[in-house]
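Take a look at the structure set out below.
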Amino acid sequence: MMDYAIGHINYWLIIAVMMVGLYTLISRSNLIKKLAGLAMFQTAVILFYVSMGKVTGGTVPIMSTDYTVYSNPLPQVLMLTAIVVGVATTAVGFALVIRIKEAYDTVEEDQINIMDNQE
Amino acid sequence: MINDLILRVVTKWLSPTIILFALYVQFHGDYSPGGGFQAGVIFSSAILLYALTYGLDAALKVIPETALRVCASFGVLLYAGVGVASMIMGGNFLNYSVLANNPLTGQHIGIIVIELGVGITVAAVMILLFFTFARRVAPE
Amino acid sequence: MSLTINLVLLVFLLVMALAVLKTKHLFAMAMLFGLYSLLVAGLFVVLDAPDVAFTEAAVGTGISTVLMLVTLASIKDGHEAVSTGKTRVGPLIICVVMGGLLIFGTHDIAELGDIKSAPNQQVALHYIQQGQAETGVPNLVTAVLASYRGFDTLGEVTVVLTAGIGVLLLLGQRRKIHVKTRAGSNDK
Numbered sequence: 040m041m042d043y044a045i046g047h048i049n050y051w052l053i054i055a056v057m058m059v060g061l062y063t064l065i066s067r068s069n070l071i072k073k074l075a076g077l078a079m080f081q082t083a084v085i086l087f088y089v090s091m092g093k094v095t096g097g098t099v100p101i102m103s104t105d106y107t108v109y110s111n112p113l114p115q116v117l118m119l120t121a122i123v124v125g126v127a128t129t130a131v132g133f134a135l136v137i138r139i140k141e142a143y144d145t146v147e148e149d150q151i152n153i154m155d156n157q158e
Numbered sequence: 000m001i002n003d004l005i006l007r008v009v010t011k012w013l014s015p016t017i018i019l020f021a022l023y024v025q026f027h028g029d030y031s032p033g034g035g036f037q038a039g040v041i042f043s044s045a046i047l048l049y050a051l052t053y054g055l056d057a058a059l060k061v062i063p064e065t066a067l068r069v070c071a072s073f074g075v076l077l078y079a080g081v082g083v084a085s086m087i088m089g090g091n092f093l094n095y096s097v098l099a100n101n102p103l104t105g106q107h108i109g110i111i112v113i114e115l116g117v118g119i120t121v122a123a124v125m126i127l128l129f130f131t132f133a134r135r136v137a138p139e
Numbered sequence: 040m041s042l043t044i045n046l047v048l049l050v051f052l053l054v055m056a057l058a059v060l061k062t063k064h065l066f067a068m069a070m071l072f073g074l075y076s077l078l079v080a081g082l083f084v085v086l087d088a089p090d091v092a093f094t095e096a097a098v099g100t101g102i103s104t105v106l107m108l109v110t111l112a113s114i115k116d117g118h119e120a121v122s123t124g125k126t127r128v129g130p131l132i133i134c135v136v137m138g139g140l141l142i143f144g145t146h147d148i149a150e151l152g153d154i155k156s157a158p159n160q161q162v163a164l165h166y167i168q169q170g171q172a173e174t175g176v177p178n179l180v181t182a183v184l185a186s187y188r189g190f191d192t193l194g195e196v197t198v199v200l201t202a203g204i205g206v207l208l209l210l211g212q213r214r215k216i217h218v219k220t221r222a223g224s225n226d227k
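Structure follows, in structure tokens:
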């Protein structure tokens, strides 16, 4: 039981961080806070994948004659792509926030809905 | 723009060092952690530091915006160009082994050139993003 | 030992995420967000992934935080309105249920660091054993990224270029354009 808990507590804590990010995304109405929550959610998912590739007693996956056991390089490669795509999405999101502010003069989602329903 | 003396002196000393480190990370990606993406972002952070300390106009004199737009597209063109070159030499798309007589040398050439393309595009796009956002800040 | 470091960093990360959720002052939230990215980069180093740590530190702490600060300076809005700070029951229930389902799903995942688990045995073993011989590059992450999975990297660079084009199209004009001109229907 203790081994099970010690082996899995990593994943449970990462899932908790993921859920805090998701809650920030769906419950706050300020657009910039929503974007920060989205970025936190993405980073926690990436952390989950990279932690699945770790091997105890292994080392960084760069071949050298001093070591025989290496950590898994495949999740790291896929997550490199994911991080860069995440920052591209966040940048376009911030550009949209600036344009929304110019169009509606507010960045609170409730007030934008009220202004849209008034038309 | 900021009149703080320590900031200006340290930035003047740090920016070239950061650019040098970015070039090191770019070309040593084969033997140590590094590669195109990391080098591009580190290069752009050196230009960002300069722009934050000395103002947007000074940074635009260092790198004009047309050059950034050309560089961003040139990186992707370089990457796809390597793929097309390997097709011309007789292999599949992005098969680097046919680029030279020895397959291992061909792989090495292919990897270095595409990492260069990736680094150029990422650096140019990140600097372009910052300049486009910074133009919207109203002058105080 | 490295498990202790892992746990300490993860607890810091959870505290940082809760702080970003609760803060009302948006500039402070941007700083906390940068600190969150730095902690994640530290975790990547402990998990034997220095390439990913490099990228996350440079991109998360450098580019994302700077863009958030420039957006805040551009819209000149430093505080969140007070009324949106309350807990909403619906989203909270959704998040708790989803978290519970995910934790139930990790029942079958192998323990952290197991070399006999499925992700570490199939394709990755081939990359570790044959990677340097087939590509001539000692850094396995660069070998897989540039040579074995070169297509994905081409797509990724195109995504970065597309994001740049998108931001240029949205914000490229010099003067500010007002889309909706309202005569007094602004109730803040």
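Residue numbers (my numbering), protein chains in the order written: chain A, 40 to 158; chain B, 0 to 139; chain C, 40 to 227.
Here a beta-carbon is modelled for each residue, glycine too, at the ideal position from N, C-alpha and C.
None of the values given here were measured: they were computed from a predicted structure.
> Are at least three pairs of beta-carbons, each pair with one atom in the stretch 144–156 of chain C and one in the stretch 44–55 of chain A, less than 8 Å apart?
Replying inline: yes
> Residue ranges of each alpha helix (DSSP H) run of no fewer than 4 residues wholly in the stretch 40–88 of chain C, ordered along the chain?
Replying inline: 41–61, 65–85
>> Given this structure, state the Cα-to-Cα distance separating residue 76 of chain B from residue 88 of chain B, to the nearest angstrom.
In response: Within the second sequence, the letter at position 77 stands for residue 76 of chain B. Within the second sequence, the letter at position 89 stands for residue 88 of chain B. Answer to the nearest angstrom: the Cα atoms are 18 Å apart.
> Using CA coordinates, which residue listed in C:146, C:82, C:58 is at the minimum distance from residue 71 of chain C?
Replying inline: On the third sequence, position 32 is the one that residue 71 of chain C refers to. Answer by Cα proximity: C:58.
> So which residues of chain B does residue 130 of chain A contact, with C-beta pairs closer than 7 Å?
Replying inline: What you label residue 130 of chain A is simply residue 91 of the first sequence in a count that begins at 1. What residue 130 of chain A touches in chain B: 128.
> How many angstroms separate the CA atom of residue 70 of chain A from the CA atom of residue 53 of chain C?
Replying inline: Working through the first sequence from its first residue, we reach residue 70 of chain A at position 31. Working through the third sequence from its first residue, we reach residue 53 of chain C at position 14. Each residue's Cα considered, the two are about 22 Å apart.
>> Tell me the DSSP secondary structure of residue 94 of chain A in three-state form.
In response: Looking up residue 94 of chain A in the first sequence gives position 55. Residue state, collapsed to three classes: strand.
> What is the DSSP secondary structure of residue 34 of chain B, reduced to helix, strand or coil?
Replying inline: Translated into the one-based positions of the second sequence, residue 34 of chain B becomes position 35. The answer is coil: DSSP assigns residue 34 of chain B none of H, G, I, E or B.
> Taking buried to mean at least 16 other C-beta atoms within 10 Å of its own C-beta, is residue 85 of chain A buried or exposed?
Replying inline: On the first sequence, residue 85 of chain A is found 46 positions in, with the first residue counted as 1. Buried is the call here.
> Quick one: which chain B residues come within Cβ less than 7 Å of residue 119 of chain A?
Replying inline: One-based indexing of the first sequence puts residue 119 of chain A at position 80. By Cβ distance, chain B contributes 36.
> With burial defined as no fewer than 16 other Cβ atoms inside 10 Å of the residue's Cβ, what is the status of residue 93 of chain A: buried or exposed?
Replying inline: Locating residue 93 of chain A in the first sequence gives position 54, where the first residue counts as 1. Result: buried.
>> The alpha helix (DSSP H) that contains residue 55 of chain A, what's its start and end?
In response: Taking the first sequence and counting its residues from 1, the one referred to as residue 55 of chain A is at position 16. Residues 41–66.
> For residue 109 of chain A, which three-state DSSP category applies?
Replying inline: Here residue 109 of chain A corresponds to residue number 70 of the first sequence, with the count starting at 1. Strand, per DSSP.
> Distance, Cα to Cα, residue 114 of chain B vs residue 181 of chain C?
Replying inline: Translated into positions along the second sequence, residue 114 of chain B becomes position 115. Translated into positions along the third sequence, residue 181 of chain C becomes position 142. One C-alpha to the other measures close to 9 Å.
> Do you know whose CA, among A:115, A:98, A:124, A:145, lies nearest residue 109 of chain A's CA?
Replying inline: In the first sequence, residue 109 of chain A corresponds to position 70, counting from 1. Looking at the Cα atoms, A:98 is the closest of the given residues.
>> Does the stretch 162–175 of chain C come into contact with the stretch 6–19 of chain B, if we say contact requires no fewer than three beta-carbon pairs (one atom in each stretch) closer than 8 Å?
In response: no
> Is the CB of residue 135 of chain B under 7 Å away from at least one CB in chain A?
Replying inline: Within the second sequence, numbered from 1, the residue matching residue 135 of chain B stands at position 136. Yes, residue 135 of chain B counts as interfacial toward chain A.
>> I'd like the span of the alpha helix (DSSP H) that includes residue 16 of chain B, first residue to last.
In response: Residue numbering aside, residue 16 of chain B sits at position 17 when the second sequence is read from its first letter. Where residue 16 of chain B is concerned, the enclosing alpha helix (DSSP H) stretches over 4–26.
>> By DSSP's criteria, residue 69 of chain A is part of a beta bridge. Which residues make up the other side?
In response: Position 30 of the first sequence, counted from the start, is the residue given in the question as residue 69 of chain A. According to DSSP, residue 69 of chain A bridges with A:147.
> Which chain C residues are close to residue 41 of chain A, counting only those with a beta carbon under 7 Å from its beta carbon?
Replying inline: For the purposes of this step, residue 41 of chain A is taken as the residue at position 2 of the first sequence. Going along chain C, no residue has its Cβ under 7 Å from residue 41 of chain A, so there is no contact; the nearest lies around 12 Å.
> Exposed or buried, which one is residue 63 of chain B when buried takes at least 16 other CB atoms within 10 Å?
Replying inline: As a working note, residue 63 of chain B is residue 64 in the second sequence. So residue 63 of chain B ends up on the exposed side.
>> In the DSSP output, which residue or residues are listed as bridge partners for residue 178 of chain C?
In response: As a first step, residue 178 of chain C is located in the third sequence; it is residue number 139 there, counting from the start. For residue 178 of chain C, which the question treats as bridged, DSSP gives the partners A:101.
>> So residue 137 of chain A contacts chain B; which residues on that side make the cut at Cβ distance below 7 Å?
In response: The residue given as residue 137 of chain A occupies position 98 in the first sequence. Result: 135.
> For the stretch 120–136 of chain B against the stretch 32–40 of chain B, are there 3 or more C-beta pairs whose distance is under 8 Å?
Replying inline: yes
> Can you tell me whether residue 54 of chain B is buried or exposed, with buried defined as 16 or more other CB within 10 angstroms of its CB?
Replying inline: For the purposes of this step, residue 54 of chain B is taken as residue 55 along the second sequence, with counting starting at 1. Residue 54 of chain B comes out exposed.
> How should residue 126 of chain C be labelled, buried or exposed, when 16 other C-beta atoms within 10 angstroms of its C-beta is the threshold for buried?
Replying inline: On the third sequence, residue 126 of chain C is found 87 positions in, with the first residue counted as 1. Exposed: under 16 other Cβ atoms inside 10 Å.
> So who's on the other strand from residue 125 of chain A, going by DSSP bridges?
Replying inline: Sequence index remark: in the first sequence, residue 125 of chain A carries index 86 (1-based). Residue 125 of chain A pairs with nothing; no bridge assigned.
> Using Cβ-Cβ distances below 9 Å, what residues of the stretch 183–204 of chain C are close to chain B?
Replying inline: 184, 185, 186, 189, 190, 192, 193, 195, 196, 197, 199, 200, 202, 203, 204
> residue 147 of chain A: buried (16+ other C-beta within 10 angstroms of its C-beta) or exposed?
Replying inline: Taking the first residue of the first sequence as position 1, residue 147 of chain A is located at position 108. Flag for residue 147 of chain A reads buried.
> Is it buried or exposed for residue 73 of chain A, if we count other Cβ within 10 angstroms and need 16 for buried?
Replying inline: Counting from 1 along the first sequence, the entry for residue 73 of chain A is found at position 34. Per the 10 Å Cβ criterion, buried.
>> If you reduce the DSSP assignment to three classes, tell me which class residue 203 of chain C lands in.
In response: For the purposes of this step, residue 203 of chain C is taken as the residue at position 164 of the third sequence. Note: residue 203 of chain C maps to helix in three-state DSSP.
>> Between which two residues does the alpha helix (DSSP H) holding residue 68 of chain B run?
In response: Position 69 of the second sequence, counted from the first residue, corresponds to residue 68 of chain B. Element bounds for residue 68 of chain B: 64–87.
> In this structure, what does DSSP give as the bridge partners for residue 152 of chain C?
Replying inline: Along the third sequence, one-based indexing puts residue 152 of chain C at 113. Note: residue 152 of chain C sits in a beta bridge opposite A:94.
> Are the Cβ atoms of residue 132 of chain C and residue 51 of chain A separated by less than 7 Å?
Replying inline: As a first step, residue 132 of chain C is located in the third sequence; it is residue number 93 there, counting from the start. As a first step, residue 51 of chain A is located in the first sequence; it is residue number 12 there, counting from the start. Their beta carbons are not under 7 Å apart, which means residue 132 of chain C does not touch residue 51 of chain A by this criterion.
>> Cβ closer than 8 Å: which chain B residues qualify as neighbours of residue 89 of chain C?
In response: Along the third sequence, read from residue 1 onward, the residue named residue 89 of chain C stands at position 50. Here the neighbours are 32.
> Given that a residue counts as buried once 16 or more other Cβ atoms are within 10 Å of its Cβ, and exposed if not, what is residue 40 of chain A?
Replying inline: As a first step, residue 40 of chain A is located in the first sequence; it is residue number 1 there, counting from the start. So residue 40 of chain A counts as exposed.
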